[in-house]
Every structure is written in C-alpha cells, then in structure tokens.
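Presented below is the structure to which this report refers.
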Amino acid sequence: MQPIPLSVLTWNINFRTAESLDPLAALPKLPDVVTLQEVKLDHRDAVKDRLKGMGYSLCMLRAGLSSLNSSYRDPYLLAIWRELDDPSVVEDKWFSGYESEPRRLPLTQSGTAIRCVPAGFELTPPEANFAELFAAACVEIGSDADNLVELSQAVVDGHRVDTVDRIQVGADIVRSLVAAGL
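Residue numbers (our numbering): 1063 to 1244.
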C-alpha cells in the first residue's frame, strides 16, 4: 500500500481581503489543506465564502484577544454520517475548539457514540437502560474491553496506515449499533 501524498498550504494573509485568495484559486491543483493566519474579523465571512467556493470547509480557532471561534465538522465523522442511509440516526454534530479535544458522533436514540482514534474507533457506552444492548453490540462488532474497535493497519515509513476503508468501517459500526436497538 502506497502512502497518499497530502498537500498543505499555509499562508499569512496579513489582514488582506478575500480577493487576496485569487492566486490560490488560480493554482492548477488546489492543496488538500489550507491554513490561513491573520484573517481580519471584518473579512472573515468573505474569506469563508471564497474558500467554500473552492471546495474547502472552514475551522477557525481562537486568535489573540478576539474570539474567532467557528463551528466545524470532524472530517472522519462527517464522512461516516454521509455514508449512512438514514443520517437522522446520529446527531448532526458540529464542534468548536481545538482538534485535540475528543469529538464523538452520538446516536440519537441512546447516546451511544463513536469516536475516531488512531488505532480505529472508540465506542462510548449509552445510558444504563441501553447497557445490555450495548454489550451485545460490542461483542458482535468485535470491540475490546475498552470499547475499542481496532482497524487493520500496516506500518509504512514508521507510521501506522489503515489497510481497510476507515469510513466504511465506521459507517458499518454505526449501522450495527442502530440495528442492535441503540
């Protein structure tokens, strides 16, 4: 399995307007990730609209004394949500804050949640009245005693890389939890 290259552009736009992003839009191939620094609060919406027009989503965290918090979606959980036949079985989750804080996708009926972790997926148990259903579902799904569903991975250049489709496995886990009555 070959690693897939990821292109990242980091750019201090130094309080310029959204039009300063025109050179980015003119690139023959857009970077996979763009990080911008010093986006002026007055230009935030225009910059966001310009980036969305290029196919990006926006995650803005705190900066300086101004609170520039913005809600964002976890890319793995969003992809799992999009794979579901009925996305209403999970909460439509938006997050704020730093990416190091745990992000979970809870099921609407029981509160059972799935979280993407480096080794696979961590399941959060539901309220007590769903405990038996959760325990049975965990056995069927193959989670360990810590509610971790490990993914098959290989080491490539010193890094663990999934050898299965993480998004499909996550969607299958959600479907199994729902089918179990959670």
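Cβ coordinates follow ideal geometry from the N, Cα and C atoms, glycine included.
Which residues in the same chain as residue i place their Cβ atom closer than 8 Å to its Cβ, once the five residues preceding and following it in sequence are excluded?
{"i": "LEU1210", "result": "VAL1179, ALA1181, GLY1182, PHE1183, GLU1184 and LEU1185"}
{"i": "VAL1245", "result": "No answer is possible for residue 1245: it lies beyond the span of the chain, which begins at 1063 and ends at 1244."}
I need the boundaries of the beta strand (DSSP E) containing residue i, first residue and last residue.
{"i": "VAL1245", "result": "The chain is shown only over 1063 to 1244; residue 1245 falls outside these bounds and no answer can be derived."}
{"i": "LEU1092", "result": "No beta strand (DSSP E) holds LEU1092; DSSP gives it neither H nor E."}
Residue i by DSSP, collapsed to three states: which one?
{"i": "VAL1109", "result": "helix"}
{"i": "TYR1134", "result": "strand"}
{"i": "VAL1101", "result": "coil"}
{"i": "GLY1126", "result": "Note that GLY1126 scores a pLDDT of 48, beneath 50, so its modelled location is shaky and nothing firm can be said."}
Skipping 5 residues on each side, what residues in its chain have a beta carbon closer than 6 Å to that of residue i?
{"i": "LEU1083", "result": "ARG1112"}
{"i": "THR1072", "result": "THR1097"}
{"i": "VAL1095", "result": "VAL1070"}
{"i": "ALA1108", "result": "ALA1080"}
Report all residues from its chain with a CB closer than 7 Å to the CB of residue i; omit the five preceding and five following residues, and keep chain order.
{"i": "ALA1087", "result": "MET1116"}
At which residues does the alpha helix (DSSP H) containing residue i begin and terminate?
{"i": "PRO1085", "result": "1084-1087"}
- Message: Contact between the segment 1198-1213 and the segment 1225-1244 is defined here as three or more beta-carbon pairs at a separation below 8 Å; is this criterion met?
- Response: yes
- Task: Mind listing, in chain order, the continuous alpha helix (DSSP H) runs of no fewer than 4 residues lying wholly within the segment 1157-1242?
- Result: 1193-1203 and 1228-1241
- Task: Give a yes or no on contact between the segment 1163-1175 and the segment 1138-1153, applying the rule of three or more CB pairs nearer than 8 Å.
- Result: yes
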